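Those letters in the sequence shown? Residues 48 to 186, by my numbering.
Working notes for the structure below.
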Amino acid sequence: MKRYSNTALVYAILAMVGGVFYREFTKFNGFTARTTLSMVHTHYFLLGMVFFLLLLVLEKNFSFTGAATGRVLAVYHVGLNLTAVMLAVRGVIQVLGNTLSSGVNAAISGMAGIGHILLGVSLVLLLLQVKRSVPAAQG
């Protein structure tokens with residue numbers, strides 16, 4: 048359970064760093080339009096900090112952690128961080144006003160998509176582990 052709370056803390060710090068970077072980078076560059084850079088903050092807060100705090104509560108109540116949990120969480124971490132990095136890359140490019148070739152544009156979108164797929168698959172696998180650990184009497 049300590050690992051879940053430590054992970055939540057790390058993602059909270061990353062979320063704050065992402066939020067400050069977004070605010071300061073856009074302000075420094077005089078950028079006022081919407082950018083995907085703003086989503087780094089929310090992705091790390093919700094899919095990082097809140098998610099691992101929820102896992103902490105679920106572990107305390109249902110002891111769902113099993114042999115495969117570490118591998119599934121490793122995939123989750125890769126997916127979340129890949130997604131956040133690609134959001135940051137896309138956002139920095141938007142703020143700087145750089146024009147991308149269609150190949151680079153597709154590569155950034157594809158990597159972000161892979162990150163989201165890894166997140167989705169690992170989330171479902173973790174929810175299945177939690178479901179199996181909930182006693183039948185509780186529904």
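All residues carry an ideal CB built from backbone N, CA and C; glycine is no exception.
Note that the structure is predicted; figures quoted are calculated from it, not measured.
query: Residues of its chain near VAL87, where Cβ-Cβ distance is below 6 Å and the 5 sequence neighbours each way are ignored; result: GLY65, ALA131, LEU134 and ALA135
query: Given SER52 as reference, the closest of VAL104, VAL122 and LEU129 once Cα atoms are compared; result: VAL104
query: SER17: first and last residue of the uninterrupted alpha helix (DSSP H) it sits in; result: Residue 17 cannot be examined here, being either before or after the span of the chain that is shown, 48 to 186.
query: Under the three-state DSSP convention, the category VAL84 falls into; result: Residue identity differs from the one stated: residue 84 is Leu in this sequence, not Val. It is coil, neither helix nor strand.
query: Classification of ALA114 by the beta-carbon crowding that lies within 10 angstroms, buried from 16 upward; result: exposed
query: CA nearest to the CA of PHE72, picked from LEU84, ALA159 and MET63; result: LEU84
query: Between the CA atoms of PHE111 and LEU56 - distance to the nearest angstrom; result: 21 Å
query: Proximity winner among LYS49, LEU143, LYS107 and GLY95, relative to HIS124 (alpha-carbon distances); result: GLY95
query: Euclidean distance between Cα positions of SER149 and ALA159; result: 15 Å
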